[in-house]
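Engineer:
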Amino acid sequence: MAAGEADGQLAESRRGEARRMDAIVLLKDDHKTVEKLFKAFEKAGKGAHKEKQRIVGKIIQELTVHAYIEEEIFYPSARHEVPETGSHVLESVEEHHVVVWMLSELKNLDPADERYDAKVTVLIENVRHHVEEEEQEWFPQVRKALGRNRLQELGERMGKAKADAPSDPLSLMSAWA
Ligand SMILES: [Fe+2]
Ligand SMILES: [Fe+2]
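Below is the structure:
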């Protein structure tokens, strides 16, 4: 194969990858985005109420969209297509349930309230634990069972579904599950 031809194929496959985002890569990217916001919150000074409220607003937004695409697309697919992940998925939904109620409380809480930082700290602990379980315990099982093409199909659907996510965390399925 000529070098130019190989380059062309490589460029083609790279374009393909950009178009067809793998579902697990997409979810892990979201996790990184949220972790950056957590670090920003932890760095903000004690009295930086306005800044903390702004960061928490972003956290609420990011986590609501992320939980939405997991609950609408990724979790049901994992459960149906990789039945051995069933108990992990159920546990994950319970964790979402706790998180979305905390998000809904933070939405209306004054950042100067003495419970504000404590509530955000516990939220962060919960989400970090949840992300670790997803990434370490059961996403690898899903990757192995579904394979690349199926994960790309799901990723494509999830990328599009972000636009349909609600802004209210209590509109998520897990809030009432
Ligand atoms: Fe999750
Ligand atoms: Fe997640």
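The sequence shown maps to residues 55 to 231 in my numbering. C-beta: ideal position from N, C-alpha, C; glycine also. This one's a predicted model, so the numbers in the text were calculated from it and none came from an experiment.
#1: Rounded to a whole number of angstroms, what is the C-alpha to C-alpha distance between residue 171 and residue 140?
#2: Taking the alpha-carbon of residue 143 as reference, which of 152, 124, 160 has the nearest alpha-carbon?
#3: Measuring alpha carbon to alpha carbon, tell me which of 93, 206, 76, 74 ends up nearest residue 177.
#4: Among the residues of its own chain, which have a CB less than 6 Å from the CB of residue 105, if the five just before and after it don't count?
#5: Determine the burial state of residue 220: buried for a count of at least 16 other Cβ atoms within 10 Å of its Cβ, exposed for fewer.
#6: With burial defined as no fewer than 16 other Cβ atoms inside 10 Å of the residue's Cβ, what is the status of residue 84: buried or exposed?
#7: Taking 8 Å as the cut-off, decide whether the C-beta atoms of residue 119 and residue 223 are in contact.
#8: If the criterion is Cβ atoms closer than 8 Å, does the pair residue 215 and residue 78 meet it?
#9: Let me confirm a value: residue 230 is counted as buried when at least 16 other C-beta atoms fall within 10 Å, else exposed. Which label applies?
#10: Is residue 164 close to chain C? Criterion is C-beta to C-beta, closer than 8 Å.
#11: Here's the rule: buried if 16 or more other CB atoms are within 10 angstroms of the residue's CB, otherwise exposed. What is residue 206?
#12: Report the rounded CA-to-CA distance for residue 90 versus residue 137, giving the unit in angstroms.
#13: For ligand 1, is there any heavy atom lying closer than 7 Å to the beta carbon of residue 142?
#14: Confirm, please, whether the CB-CB distance from residue 74 to residue 201 is below 8 Å.
#15: According to the neighbour-count rule (16 or more other Cβ atoms, all chains shown, within 10 Å of its Cβ), is residue 132 buried or exposed?
Structural biologist: Per the coordinate set shown:
#1: The residue you call residue 171 lines up with position 117 of the sequence shown. The residue you call residue 140 lines up with position 86 of the sequence shown. Using only the alpha carbons, I get a separation of about 34 Å.
#2: For the purposes of this step, residue 143 is taken as the residue at position 89 of the sequence shown. Comparing Cα-Cα distances from residue 143 to each of 152, 124, 160, the minimum goes to 124.
#3: Within the sequence shown, the letter at position 123 stands for residue 177. Out of 93, 206, 76, 74, 93 has the C-alpha closest to the C-alpha of residue 177.
#4: Here residue 105 corresponds to residue number 51 of the sequence shown, with the count starting at 1. The answer, listed in chain order, is 98.
#5: The residue given as residue 220 occupies position 166 in the sequence shown. With fewer than 16 other Cβ atoms within 10 Å, it is exposed.
#6: As a first step, residue 84 must be located in the sequence shown, where it is residue number 30. Classification for residue 84: buried.
#7: Counting from 1 along the sequence shown, the entry for residue 119 is found at position 65. Counting from 1 along the sequence shown, the entry for residue 223 is found at position 169. No, Cβ-Cβ distance for residue 119 and residue 223 is not below 8 Å.
#8: Residue mapping note: residue 215 aligns to position 161 of the sequence shown, counting from 1. Residue mapping note: residue 78 aligns to position 24 of the sequence shown, counting from 1. Taking 8 Å as the Cβ cut-off, residue 215 and residue 78 do not qualify as a contacting pair.
#9: Locating residue 230 in the sequence shown gives position 176, where the first residue counts as 1. The residue is exposed, with fewer than 16 neighbouring Cβ atoms inside 10 Å.
#10: Of the chains in the structure shown, none is chain C; there is only one protein chain.
#11: On the sequence shown, residue 206 is found 152 positions in, with the first residue counted as 1. Buried, because 16 or more other Cβ atoms sit within 10 Å of the Cβ of residue 206.
#12: Along the sequence shown, one-based indexing puts residue 90 at 36. Along the sequence shown, one-based indexing puts residue 137 at 83. One C-alpha to the other measures close to 33 Å.
#13: Here residue 142 is taken as the residue at index 88 of the sequence shown, counted from 1. Checking every heavy atom of ligand 1 against the Cβ of residue 142, none is found closer than 7 Å.
#14: On the sequence shown, position 147 is the one that residue 201 refers to. On the sequence shown, position 20 is the one that residue 74 refers to. Not a contact, by the Cβ cut-off of 8 Å.
#15: Along the sequence shown, one-based indexing puts residue 132 at 78. Looking at its Cβ environment, which holds 16 or more other Cβ atoms inside 10 Å, residue 132 is buried.
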